[in-house]
Amino acid sequence: MEFITQVVINGILFGSMYGVAAIGLSLIFGTMRIVFIAQGSVIVLFAYCCFWLFSLLGIDPYLSLIPIILVSLLLGAGFYYGLFKEAAALKDRIGSLLIAVGLMFFLENFMTVVWSPNPRAVVTSYGFVVFHLFGINLTLTRLIGLLLALLATVGVATFLRKTLIGTAVRATSEDVEASTLMGINPNRVNAVTFAIGIGLAALAGTTLATTYSFDPIYGFDFAIKALVALTLGGIGRVYGALLGGILLGLIELLGTYFVGAGWAQAIVFAVFLLALTFRPYGIFGGASEKV
Amino acid sequence: MKDRIDTYIKKDKRKISIIIIALVIIAFGTVPFYSDVDSFFSYYLFICFLYIILAQGWNLVAGYTGQISLGTHAFFALGAYTTAIIWLHDVTKTWYYFDPLVMVLSGLVSAIFAIIIGIPLLSRLRGDYFSFGTLAAAEVLRILILRGGKFTEGAMGLRLPGEGFTGMGIYYWTALLLAILATAVVYFITRSRIGLALKAINEDEISAASHGIYILKYKVSAFAIGAFLMGVCGSLFAYYLFIVSPPAVMNLNWMFLPMLICILGGNGTILGPIIGALIVGALFSYADVYVGQTHPMLSGIIIILVMKFMPTGIMGLKDRISPRR
Amino acid sequence: MANQLLEVKGIDVSYGDIHVLWDVSLQVEEGTIVALVGANGAGKTTLLKTISGLLRVRKGEILFSGENLHNFKPQEIVDRGVIHVPEGRRLFASLTVKENLRLGAYIPRTRPFFAESLERVFSLFPVLKNRKDQKAGTLSGGEQQMLAIGRAVMAHPKLVMLDEPSLGLSPILVKTIFELIRTLNEQKITILLVEQNVNQALKIAHQAYVMKTGKIVMCGRGCDLLADEEVRKAYIGERATKRKG
Chain D
156 MEFITQVVIN GILFGSMYGV AAIGLSLIFG TMRIVFIAQG SVIVLFAYCC
206 FWLFSLLGID PYLSLIPIIL VSLLLGAGFY YGLFKEAAAL KDRIGSLLIA
256 VGLMFFLENF MTVVWSPNPR AVVTSYGFVV FHLFGINLTL TRLIGLLLAL
306 LATVGVATFL RKTLIGTAVR ATSEDVEAST LMGINPNRVN AVTFAIGIGL
356 AALAGTTLAT TYSFDPIYGF DFAIKALVAL TLGGIGRVYG ALLGGILLGL
406 IELLGTYFVG AGWAQAIVFA VFLLALTFRP YGIFGGASEK V
Chain B
9 MKDRIDTYIK KDKRKISIII IALVIIAFGT VPFYSDVDSF FSYYLFICFL
59 YIILAQGWNL VAGYTGQISL GTHAFFALGA YTTAIIWLHD VTKTWYYFDP
109 LVMVLSGLVS AIFAIIIGIP LLSRLRGDYF SFGTLAAAEV LRILILRGGK
159 FTEGAMGLRL PGEGFTGMGI YYWTALLLAI LATAVVYFIT RSRIGLALKA
209 INEDEISAAS HGIYILKYKV SAFAIGAFLM GVCGSLFAYY LFIVSPPAVM
259 NLNWMFLPML ICILGGNGTI LGPIIGALIV GALFSYADVY VGQTHPMLSG
309 IIIILVMKFM PTGIMGLKDR ISPRR
Chain A
668 MANQLLEVKG IDVSYGDIHV LWDVSLQVEE GTIVALVGAN GAGKTTLLKT
718 ISGLLRVRKG EILFSGENLH NFKPQEIVDR GVIHVPEGRR LFASLTVKEN
768 LRLGAYIPRT RPFFAESLER VFSLFPVLKN RKDQKAGTLS GGEQQMLAIG
818 RAVMAHPKLV MLDEPSLGLS PILVKTIFEL IRTLNEQKIT ILLVEQNVNQ
868 ALKIAHQAYV MKTGKIVMCG RGCDLLADEE VRKAYIGERA TKRKG
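Protein chains in written order, with this note's numbering: chain D, 156 to 446; chain B, 9 to 333; chain A, 668 to 912.
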């Protein structure tokens, strides 16, 4: 019994990482209808940044988080203006997907060539600190990961609800043309959205680096899982995305515990297909959400 | 008077098109005679033909159902694995090697898989959700292959006995034939009354909803035919490569390159995928040789550049109007 | 010569290859209500969309307060004080009433007046004040129309262009809306009104234009057009015409 609880806890902690990635995907997809399949590779890229800052310069991963996030916001805006602006304007689904795929290929290959395909992980001095609570082991770094995920989720949700730009983002998600009639500049809104998406990727990347090992090609797998989490949570729902991620983490780890890693993956996708078929608006979704 | 002239011109255009097509086919068909059949050029064209088959299959689904399928690599792989398994287990007691019956069977397996996932996905999901669904189905297949034990040999893949190899020629012509066939199939289906009617209905969601089951039948059929073409293509590739493994046949390249080809060539046209395949094939196979290890990086950049600056493709360049905004 | 706030001069507009507006000219005098009527598909909505920047102009000029709006982006046109309330309202259904109004005052120019504008809207439409935290999608048709107009008011507009405000509303609500339009006009807002309800539109309009298949076919004072036989027959209905003899 204790062991299952351990798996459940791990599932939640792991899943929160998927959740953070999913929020980013959700925002980008919601406003621009872009399936940003490169999200996973971007997360891995940031994991590498975290890793190198730690290994070469000795900077603690949680301290490097701040500059990394700032850089990521700029990068996100850069991605939008540099890569996706035209496709977003034309609502070109295939085009934007292909661009995202191109970016993913580029990043994966770049990281493999430059940093070698060997797995890495950030191991800090406190990385082995474990709390023992009611017979369950809680790794410090994973707890911090969960905490960061929660903070990010609340942060983004608050931003969307309470700020003017956040409200503009929500409006643009719903109806771009009408939002331009309010004087909202869709490019600025999209750039902000993308920036947040990449910022969340940076956060997830740090969590990934400090809690698990990663390699350059992990990106696609991660992106697919984020997509699953997004679907479970329902597009456009920030808290939903986080919960979707956690649910996914639970399914994955419980599945691994009961039937082994390989089949657990199959279960994940089976759940995905079921969710798509029967609850496309998310498990928590209402009867008629905007798509 | 003007109308009669127009009709004459149309008839002439038709004749000219047919002559051009015939010439092109002859040109491609005779390549192995004037260029060394085992040369890189033949290999390049062979790969182009494979991509044309896949692209036309994808094109059919995209045009007919109005949905973007992200499962091309799954159908391709299914065809390849079916062929390999049949061959290794000597299921059909006919030729060991390069058996058309096996190729057809491989295509059928893919088509059946398409029907199985097509019915739930096409009936319930629209747009991006459908695409996610096909991607998920493809990943499920990948896992099944990896976990297939002795049957599929997991990540290492199946090795096929190489004695039958007699030279590039037969592959080349088979690929060319299949490419022509695929193009013809797609051409006739999309130009048929059913094809045009479906296209109109796709653009009107309310109409689509009220036509329900009949639409579904045709959509699933298109999906299955596309899958069949992809499966046969996979079978041919298996015969060529002698190794069938996830990296070889379930590579994401097989999924998105056909899409890129259709877009580059010009979305929704029949000639488009052919032109697109020739260009993309050139970029990727020569890049593979010269730039080797970093070629996916280059590929990535190329895709991005193409989509940014030529989203309507090459066929679209000729009638580019300035965009709205 | 009276102050022409908006001058549309001989514009041509196309949707891709399809030519939809042909040499359209129109003037809106400051402080007036101008009606634009015509059958479905006549091009009225297209004209509004062109003025508000959603569509490009192929030929001709659009002058607002003397400034050529030629192919400005919609945001820049909103900034000049031209507010388009689109056909079907196009509210943000998942946002609350208050949030919709908040976005009405998105342009920096309007933000200092936010509190004041909000008060103004709530006094014009008390119903909106009651429902301010409700999602816009849950409002009734009439309330939605009021919200759409209220949103325009939040933008501190000089010219408000209304596209079919009476669409889908009961006759009583239609009357209310038209009274509101009059009230807004009394508060110094110039109105360009596109309507299928020709009777009501011509009643409150100072000036009116009739459009047919992408061209302006008639123009004149509102009351004159209202009395005109052709207009009455084509757009209002036989029963309004007195048979002679």
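Every residue gets a Cβ at the ideal spot worked out from N, C-alpha and C, and that includes glycine.
{"Asked": "Short-range partners of chain B found in the region 233–253 of chain D, where Cβ spacing is below 7 Å", "Found": "L238, E241, A242, A244, L245, D247, R248, I249, G250, L253"}
{"Asked": "Under 8 Å by beta carbon: chain D residues contacting A/R787", "Found": "Those do not exist, as A/R787 stays about 17 Å from chain D at its closest Cβ, beyond 8 Å."}
{"Asked": "CA-to-CA distance, D/D376 to B/I33, given in whole angstroms", "Found": "42 Å"}
{"Asked": "Proximal chain D residues relative to B/F83, where beta-carbon distance stays under 9 Å", "Found": "By Cβ distance, chain D contributes nothing, its closest Cβ being about 17 Å from B/F83, past 9 Å."}
{"Asked": "D/A177 burial status per 10 Å Cβ neighbour count (16 or more: buried)", "Found": "buried"}
{"Asked": "Rounded C-alpha distance that separates B/N3 from B/H81", "Found": "Residue 3 of chain B is absent from the structure shown; chain B starts at 9 and stops at 333."}
{"Asked": "CB contact check: A/A760 to chain D, cutoff 8 Å", "Found": "yes"}
{"Asked": "Residue-chain proximity (A/R769, chain D), Cβ-Cβ < 8 Å", "Found": "yes"}
{"Asked": "Amino acids of chain A, ordered along the chain, whose beta-carbon sits closer than 8 Å to that of D/S339", "Found": "Reading off the sequence, residue 339 of chain D comes out as Ile, not Ser. Here the neighbours are Q742, L770, Y773."}
{"Asked": "Run of the alpha helix (DSSP H) containing D/Y394, from where it starts to where it stops", "Found": "393–414"}
{"Asked": "Under 8 Å between C-beta atoms of D/V175 and D/F184", "Found": "no"}
{"Asked": "Partner residues on chain A for D/A333, Cβ-Cβ distance less than 8 Å", "Found": "P753, R757, L758, F759"}
{"Asked": "Below-8 Å beta-carbon distance, D/L336 vs any chain A residue", "Found": "yes"}
{"Asked": "Cβ separation of B/Y313 and B/V288, assumed to be a contact under 8 Å, to the nearest whole Å", "Found": "In the sequence as displayed, the identity of residue 313 of chain B is Leu instead of Tyr. Actually they do not touch by this definition, with Cβ atoms about 13 Å apart."}
{"Asked": "Proximal chain B residues relative to D/L355, where beta-carbon distance stays under 9 Å", "Found": "What D/L355 touches in chain B: nothing, since even the nearest Cβ is about 20 Å away."}
{"Asked": "8 Å Cβ cutoff, B/E161 in contact with chain D", "Found": "no"}
{"Asked": "Interface residues of the region 307–323 of chain D facing chain A [CB-CB below 8 Å]", "Found": "L319, T322, A323"}
{"Asked": "Residue-chain proximity (D/E263, chain A), Cβ-Cβ < 8 Å", "Found": "no"}
{"Asked": "Contact set for A/L795: own chain, Cβ-Cβ below 8 Å, skip 5 residues either direction", "Found": "V764, L768, V788, F789, E810, M813, L814, G817"}
{"Asked": "Min CB distance D/A425 to chain E below 8 Å", "Found": "Looking at the structure shown, chain E is missing, and the protein chains on hand are D, B and A."}
{"Asked": "Neighbourhood of A/A819 by C-beta distance below 7 Å, restricted to the same chain and skipping five residues each side", "Found": "I750, V752, G771, V827"}
{"Asked": "Under 7 Å by beta carbon: chain A residues contacting D/R188", "Found": "Correct list: empty, because the minimum Cβ distance to chain A is about 16 Å."}
{"Asked": "Where the beta strand (DSSP E) containing A/D830 begins and where it ends", "Found": "826–830"}
{"Asked": "Supposed contact pair A/F731 and A/L672 - C-beta distance, whole angstroms, cut 8 Å", "Found": "7 Å"}
{"Asked": "Neighbour-count burial assignment, B/S77, 16 or more Cβ in a 10 Å radius", "Found": "buried"}
{"Asked": "Residue from A/F781, A/T880, A/D746 with nearest C-alpha to A/I774", "Found": "A/D746"}
{"Asked": "C-beta contact flag for B/K310 and B/L286 at 8 Å", "Found": "According to the sequence displayed, residue 310 of chain B carries Ile and not Lys. The answer is no: Cβ separation not under 8 Å."}
{"Asked": "C-beta atoms of D/V284 and D/L295 nearer than 8 Å", "Found": "yes"}
{"Asked": "Start and end residues, beta strand (DSSP E) containing B/I269", "Found": "No beta strand (DSSP E) holds B/I269; the alpha helix (DSSP H) holding it covers 261–273."}
{"Asked": "Chain A contact residues for D/E329, given Cβ-Cβ distances below 8 Å", "Found": "F759, A760, S761, L762"}
{"Asked": "Proximity of B/Q75 and B/F138 at Cβ, strictly below 8 Å", "Found": "yes"}
{"Asked": "Three-state class that DSSP yields for D/T294 in the structure shown", "Found": "strand"}
{"Asked": "For D/M259, three-class secondary structure by DSSP", "Found": "helix"}
{"Asked": "Start and end residues, alpha helix (DSSP H) containing B/V117", "Found": "108–132"}
{"Asked": "Buried versus exposed call for A/D684 [16 or more other C-beta atoms within 10 Å across all chains shown]", "Found": "exposed"}
{"Asked": "Start-end ranges of the alpha helix (DSSP H) lying completely within the region 146–172 of chain B, minimum 4 residues", "Found": "none"}
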